[in-house]
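Enquirer:
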Amino acid sequence: MILNQFLLLAAVLFCIGVYGVLARRNGIMVLMSVEIILNSVNINLVAFGAFRDNVAGEVFALFVIAVAAAEVGIGLAIVLLIYRNRRSIDLTEADLLKG
Amino acid sequence: MTSPVVLAAAASGGDLFVAQNVFFGVIALVMVVSALRCVTTSNVVHAALWLVLVLAGAAAQFILLGSEFVAVTQVLVYIGAIIVLFLFGIMLTKASMGDDDSVATEKRLMASLVAVLLAVVMGVALLDSYSDTRLVIDEPQRFGAVSDAIFSQYIVAFEAVSVLLLAALIGAIVVARKE
Chain A
11 MILNQFLLLA AVLFCIGVYG VLARRNGIMV LMSVEIILNS VNINLVAFGA
61 FRDNVAGEVF ALFVIAVAAA EVGIGLAIVL LIYRNRRSID LTEADLLKG
Chain B
48 MTSPVVLAAA ASGGDLFVAQ NVFFGVIALV MVVSALRCVT TSNVVHAALW
98 LVLVLAGAAA QFILLGSEFV AVTQVLVYIG AIIVLFLFGI MLTKASMGDD
148 DSVATEKRLM ASLVAVLLAV VMGVALLDSY SDTRLVIDEP QRFGAVSDAI
198 FSQYIVAFEA VSVLLLAALI GAIVVARKE
């Protein structure tokens with residue numbers, strides 16, 4: 011195996027995730043795309059950890075997983091609140107802070 | 048960037064390399080296709096199920112990279128907990144809204160432009176800097192080494208993460224609570 015195949019896979023997944031965040035209007039779909047992005051970062055971290063033969067990559071991948079769990083919890087709570095207030099989770103309609 | 052160890056290992060296990068590369072290719076293909084389906088499908092429940100495939104593929108890649116602990120955690124936390132959270136979120140918000148219609152076309156075009164440009168930039172940078180750096184996994188990382196590192200070198204970060212999780216838990220309850 012070469013290091014680059016993992017890095018390129020992660021880059022492709024990252025770009026797919028970015029597309030999802032930008033193109034989708036459904037709040038839950040945006041959160042799912044963020045999960046794809048975080049996963050691609052994890053692949054990068056673990057690949058570099060294996061490459062340098064260092065546990066730091068794995069440790070930080072675990073931290074990223076924990077933070078992602080917290081992020082999903084808060085994110086879904088916010089989406090739920092938006093739904094409760096507006097009966098819709100279309101993010102283009104959530105423009106209260108727009109001047 | 049090739050150390051003597053790497054060269055020796057490369058000389059010995061040729062068959063293993065082929066097998067690893069085949070597995071990598073299959074899993075990577077599945078991951079990319081499911082990720083694409085996940086961000087383009089209009090059914091939100093299907094998107095969550097495609098996301099399961101992406102996450103499982105990532106777990107398989109972690110095993111291929113020799114870090115079983117991260118792979119197990121990935122399955123437990125992501126597929127076990129986060130996907131269930133997503134499915135609950137979908138149910139609670141009746142998120143059957145068709146999402147993709149009318150105004151979305153221009154937005155989708157711009158988003159794919161950004162994604163493709165980003166892919167080109169990152170791809171060129173990666174090919175330029177790591178074009179044939181070999182990666183040899185001769186033995187998996189030990190659980191013990193990982194936990195030793197977490198509980199000694201990274202203990203502060205570990206405690207910070209646990210406080211963060213607690214804060215997120217309380218915060219989610221406070222935000223989502225009915226008045």
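Residue numbers (this note's numbering), protein chains in the order written: chain A, 11 to 109; chain B, 48 to 226. Note that the Cβ used here is the ideal one computed from N, Cα and C, for glycine as well.
Suppose the cutoff is 6 angstroms on Cβ atoms and the five residues either side in sequence are ignored; what does the same chain contact list for residue 49 of chain B look like?
Expert: With a pLDDT of 49 at residue 49 of chain B, under the threshold of 50, the modelled position of this residue cannot be trusted, and the question is left open.
Enquirer: So, does the CB of residue 34 of chain A fall closer than 8 angstroms to a CB anywhere in chain B?
Expert: Interface residue, yes.
Enquirer: Who are residue 12 of chain A's beta bridge partners in DSSP?
Expert: The partner list for residue 12 of chain A (beta bridge, DSSP) reads B:181.
Enquirer: Tell me whether the beta-carbon of residue 44 of chain A lies closer than 8 angstroms to the beta-carbon of residue 67 of chain A.
Expert: No, they are not a contact pair.
Enquirer: Find the nearest neighbour of residue 188 of chain B within the set B:75, B:93 and B:114, judged by alpha-carbon distance.
Expert: Residue B:114 is the option with its Cα nearest to residue 188 of chain B.
Enquirer: Taking beta-carbon pairs under 8 angstroms, can you tell me which members of the stretch 158-180 of chain B lie near chain A?
Expert: So the close ones are 158, 159, 161, 162, 163, 165, 166, 169, 170, 173, 174, 177, 178, 179 and 180.
Enquirer: Should residue 103 of chain B be flagged as near chain A, meaning a C-beta pair shorter than 8 angstroms?
Expert: Judged by the 8 angstroms Cβ criterion, residue 103 of chain B is not in contact with chain A.
Enquirer: Among A:98, A:105, A:108 and A:106, which residue has its Cα nearest to the Cα of residue 36 of chain A?
Expert: Per the Cα distances, A:98.
Enquirer: Could you give the DSSP three-state label for residue 68 of chain B: helix, strand or coil?
Expert: Here residue 68 of chain B sits in helix by DSSP.
Enquirer: Got a sec, what are the start and stop residues for the alpha helix (DSSP H) residue 55 of chain A sits in?
Expert: Unbroken alpha helix (DSSP H) run through residue 55 of chain A: 37-62.
Enquirer: Using 8 angstroms as the threshold, is the C-beta distance between residue 105 of chain B and residue 84 of chain A below it?
Expert: No; because the gap between Cβ atoms is not below 8 angstroms, this pair is not in contact.
Enquirer: If you measure beta-carbon to beta-carbon, which residues of the stretch 78-104 of chain B are closer than 8 angstroms to chain A?
Expert: The stretch 78-104 of chain B vs chain A, Cβ under 8 angstroms: 78, 79, 82, 83, 85, 86, 91, 94, 95, 98, 101 and 102.
Enquirer: With a 10 Å radius around its C-beta and 16 neighbouring C-beta atoms as the bar for buried, classify residue 81 of chain B as buried or exposed.
Expert: So residue 81 of chain B ends up on the buried side.
Enquirer: Using a cut-off of 8 angstroms between C-beta atoms, extract the partners of residue 129 of chain B located in chain A.
Expert: Per Cβ cutoff of 8 angstroms: 45, 78, 79 and 82.
Enquirer: Give the straight-line distance between the Cα atoms of residue 42 of chain A and residue 19 of chain A, rounded to the nearest whole angstrom.
Expert: Roughly 18 angstroms separates the two Cα atoms.
Enquirer: Tell me whether residue 94 of chain B is buried or exposed, calling it buried when 16 or more other Cβ atoms sit within 10 Å of its Cβ.
Expert: Its Cβ being crowded by 16 or more others within 10 Å, residue 94 of chain B is buried.
Enquirer: Since residue 115 of chain A meets chain B, which of its residues come closer than 7 angstroms, beta carbon to beta carbon?
Expert: Chain A is shown from 11 up to 109; residue 115 of chain A falls before or after that span and cannot be answered.
Enquirer: With 16 as the cutoff for other CB atoms within 10 Å, does residue 66 of chain B come out buried or exposed?
Expert: Classification for residue 66 of chain B: exposed.
Enquirer: I'd like to check one pair, residue 80 of chain A with residue 215 of chain B: are the Cβ atoms closer than 8 angstroms?
Expert: Yes, the pair counts as a contact, with Cβ atoms nearer than the cut-off.
Enquirer: Starting from the beta carbon of residue 208 of chain B, find every residue of chain A whose beta carbon is closer than 8 angstroms, and list them in chain order.
Expert: Simply 73, 76 and 77.
Enquirer: Confirm, please, whether the CB-CB distance from residue 14 of chain A to residue 177 of chain B is below 8 angstroms.
Expert: Yes, the pair counts as a contact, with Cβ atoms nearer than the cut-off.
Enquirer: Does the separation of the CB atoms of residue 22 of chain A and residue 166 of chain B fall below 8 angstroms?
Expert: In contact: residue 22 of chain A and residue 166 of chain B (Cβ atoms closer than 8 angstroms).
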